[in-house]
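Here the sequence shown is numbered in the working numbering, starting from 235 and rising by one per residue.
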Amino acid sequence: MNNRMTLYRKQLIAAGIAGLLAIGTPATGLAQLSGKSEPTLSKAELEELQKKVEASPDSLNYHKEYIKAMGIKNPDLVAQYEQWMKKFPRNGNIPFALGSNLADHESPEAKPWLLKAVERNPRLAEAYMDLSIDAERWGDQAASREYMGKANAAEPSNPSYAFYYAMDFEHVDPAKWRTMLYDLAKRFPDHERGAQGLYWLAARSTDPKEKVTVYEKLRQLYPPQKFNWSNSGMSGLFDIYLESDPQKARALAQSMGNSSGWPSKDTLALNIQNVRKLMAEQKFAEASVLLNTVRLPRYSGSIELVALLKAEAAAGLGNPAMAYDSLVALHAKKPSDALYTALKKYGGKIGKGNPQIDNDTWSLREKASAPAPAFNLGLYTSDGTASLEDYKGKVVLLTFWFPGCGPCRGEFPHFENVLKKFKGQDVVYLAVNGVPEQDDYVLPFLKGTKYTFTPLRATGEWAEKTYKVRGFPTNFIIDKQGRIIFSNFMIHSTELERMLELMLGSVLAKS
Numbered sequence: 235m236n237n238r239m240t241l242y243r244k245q246l247i248a249a250g251i252a253g254l255l256a257i258g259t260p261a262t263g264l265a266q267l268s269g270k271s272e273p274t275l276s277k278a279e280l281e282e283l284q285k286k287v288e289a290s291p292d293s294l295n296y297h298k299e300y301i302k303a304m305g306i307k308n309p310d311l312v313a314q315y316e317q318w319m320k321k322f323p324r325n326g327n328i329p330f331a332l333g334s335n336l337a338d339h340e341s342p343e344a345k346p347w348l349l350k351a352v353e354r355n356p357r358l359a360e361a362y363m364d365l366s367i368d369a370e371r372w373g374d375q376a377a378s379r380e381y382m383g384k385a386n387a388a389e390p391s392n393p394s395y396a397f398y399y400a401m402d403f404e405h406v407d408p409a410k411w412r413t414m415l416y417d418l419a420k421r422f423p424d425h426e427r428g429a430q431g432l433y434w435l436a437a438r439s440t441d442p443k444e445k446v447t448v449y450e451k452l453r454q455l456y457p458p459q460k461f462n463w464s465n466s467g468m469s470g471l472f473d474i475y476l477e478s479d480p481q482k483a484r485a486l487a488q489s490m491g492n493s494s495g496w497p498s499k500d501t502l503a504l505n506i507q508n509v510r511k512l513m514a515e516q517k518f519a520e521a522s523v524l525l526n527t528v529r530l531p532r533y534s535g536s537i538e539l540v541a542l543l544k545a546e547a548a549a550g551l552g553n554p555a556m557a558y559d560s561l562v563a564l565h566a567k568k569p570s571d572a573l574y575t576a577l578k579k580y581g582g583k584i585g586k587g588n589p590q591i592d593n594d595t596w597s598l599r600e601k602a603s604a605p606a607p608a609f610n611l612g613l614y615t616s617d618g619t620a621s622l623e624d625y626k627g628k629v630v631l632l633t634f635w636f637p638g639c640g641p642c643r644g645e646f647p648h649f650e651n652v653l654k655k656f657k658g659q660d661v662v663y664l665a666v667n668g669v670p671e672q673d674d675y676v677l678p679f680l681k682g683t684k685y686t687f688t689p690l691r692a693t694g695e696w697a698e699k700t701y702k703v704r705g706f707p708t709n710f711i712i713d714k715q716g717r718i719i720f721s722n723f724m725i726h727s728t729e730l731e732r733m734l735e736l737m738l739g740s741v742l743a744k745s
């Protein structure tokens, strides 16, 4: 991976642990780590850089210049650092400089150098952090927590280490996770990490009341105009208010001023408020006209809400068939219990029961389906291969990932939670690693996490060419006939687990 991935990875380490946002890692443009690299400077220029490093061995900037000039995969680079290790036997920055650069490239070769760094300097917090992130890629979550704990202990005044360490406990000890995040906000009232902690506490909570309480606390303690994470959190609070109390949603939107997207949110809340008032007065025609003016962003959290209101208005006008047709189209793509309940309500008015609802849904899915591209990919678990044809007659959950991808790792626990509900049924779970330079991580990751997917070998180029994968993770559900039924979805929260369950269940039920 190129060095721009380093900041991304460190910012999203919490996401890699527990799932995050609908943000993926680009599938192309990743720096290749295989093969020998050559120096980019002349021998004289390299010697000059070498002298600078030896004169100031603690200067990470000089190390960075030298490593960049030599090339991260140059064998002579390792030989030089082994010499410097002997020349400066107590200096922890010597092994850390190389280990950190290898970690920035998400290389499996980073760990030994980082361990040497903390052996020489047990207070080197940044090295512990790199070790923690690296341990995630190896699938050793206990070690990841331990290393992040050491980073936090080495620099207890650093809010970033405190935040990352707190996030490590979300799944192993949720009560401790909550306590640590509240403590983080208390200890760092003027730092972005305190806001970030409350943001994730609210976003990850499955309790609607807790969500509102924490978002409101975030807004109170960390003014959204000053803190980016608080600003982001207000979108989540707005979505909750919009459904429960549009007037509160309007007040929130207006308090955010003219910053990106908020004037349109204010308009949306006003429209929803007026629509509900009109429908309460049974003025369904006016409500329908107003709803047709609503324009939502592609990833808006209000898509289902607006669809349900449009259906209600159509039914109020005496057209339950229109209400039904609009909802069945959405349910075919993104199934939910709320949509199915509404479909039963409006379907009942036009003589359609559950079997007909299912048939109509599947008719739309089949029209939109496409044959899944054939593949025959190498297995990590043996010298054999696996082809799509091998799984004909089974439902396939197919994900494209790589070990260094935080959002990919974040999805796996949610996938596992859902797949447990289909144990013993005809569901196959395949995960295609698109970055072969990280092959060494794959089997240890699988063993350490005990995830149940079958790992397959590929490249990012193959994934893009064959399955049009432009970012990791990318997910597909393939039916028993080898057709792609669902694609381009992410399961990055507990709430979305239900959608995946409905997707898999419906494909399984379709013979």
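Glycine is no exception: its CB is placed at the ideal position from the N, C-alpha and C atoms.
As far as DSSP is concerned, Ser290 takes part in no beta bridge. By the Cβ-count criterion, Ile367 is buried, with 16 or more other Cβ atoms from all chains shown falling within 10 Å of its own Cβ.
In its chain, beyond the 5 residues on either side, Val652 and Lys655 have a beta carbon closer than 7 Å to the beta carbon of Glu735.
Just so you know, the alpha carbons of Ser536 and Lys445 end up roughly 17 Å apart. Remark: three or more beta-carbon pairs, one from each stretch, lie closer than 8 Å, so the region 545-557 and the region 573-588 are flagged as touching. When secondary structure is reduced to three states using DSSP, Leu613 falls in the strand class. Check the Cα spacing between Glu282 and each of Gly491, Asn526, Ala303 and Asp473: the tightest is with Ala303. Around the Cβ of Gly638, a 10 Å sphere holds 16 or more other Cβ atoms; the residue is buried. Between the region 719-727 and the region 638-648, the count of C-beta pairs closer than 8 Å reaches three or more; the two stretches touch. Cβ neighbours of Val528 within its own chain (closer than 7 Å, five residues either side excluded): Leu502, Asn505 and Val540.
Taking 4 residues as the minimum length, the alpha helix (DSSP H) runs contained wholly in the region 459-545 are 462-478, 480-489, 496-514 and 518-525, in order along the chain. Where Pro346 is concerned, the enclosing alpha helix (DSSP H) starts and stops at Ala344 to Arg354. Per DSSP, the beta bridge partners of Thr708 are Phe634. Closest in C-alpha terms to Ser439, from the list Arg427, Pro408 and Lys460, comes Pro408.
For Gly333, the CB contacts under 6 Å within the same chain, skipping 5 residues up- and downstream, are Ala344, Trp347, Leu348 and Ala351 in chain order.
Put simply, the region 584-597 does not touch the region 698-714. Fewer than three CB pairs are less than 8 Å apart.
In this structure, the alpha-carbon of Asp592 lies about 10 Å from that of Leu577. Between the region 473-485 and the region 453-464 there are fewer than three inter-stretch CB-CB distances shorter than 8 Å, so the stretches are not counted as touching.
Residue pairing from DSSP places Ser621 in a beta bridge opposite Asn610. In the three-state reduction of the DSSP assignment, Ser740 falls in the helix class. A direct Cα-Cα distance of roughly 53 Å separates Arg421 from Ala604. Secondary structure at Arg691: strand, using DSSP grouped into helix, strand and coil.
Put simply, of Ala419, Ala665 and Asn588 the residue whose alpha carbon is nearest the alpha carbon of Thr575 is Asn588.
Scanning Gly585, Ser466 and Val741 for the CA closest to the CA of Val661 turns up Val741. In the three-state DSSP reduction, Tyr433 falls in the helix class (H, G or I). For Val312, there is no enclosing beta strand (DSSP E); the enclosing alpha helix (DSSP H) covers residues Pro309 to Lys321. The shortest C-alpha to C-alpha distance from Glu370 to any of Val676, Leu690, Pro689 and Ala437 is the one to Val676.
Taken in chain order, the unbroken stretches of alpha helix (DSSP H) that lie wholly in the region 333-415 and span 4 residues or more are 344-354, 359-372, 375-388 and 393-401. By the criterion of a C-beta distance shorter than 7 Å, Gly373 is surrounded in its chain by Pro678, Phe679, Leu680, Lys681, Gly682 and Thr683, once the five residues flanking it on both sides are discounted. Three or more beta-carbon pairs separated by less than 8 Å are not found between the region 612-623 and the region 696-708, which leaves the two stretches without contact. Residue pairing from DSSP places Ile718 in a beta bridge opposite Ala604 and Ile712.
Cβ neighbours of Leu561 within its own chain (closer than 8 Å, five residues either side excluded): Ala541, Leu542, Ala545, Leu573, Ala576, Leu577 and Tyr580. Here Ala521 is near Ala547, since their CB atoms are less than 8 Å apart. In this structure, the straight-line span from the alpha carbon of Tyr614 to that of Gln488 is close to 54 Å. Lys451 and Phe636 have their C-alpha atoms some 36 Å from each other. Going by DSSP, Val661 is part of the beta strand (DSSP E) stretching over Val661 to Asn667.
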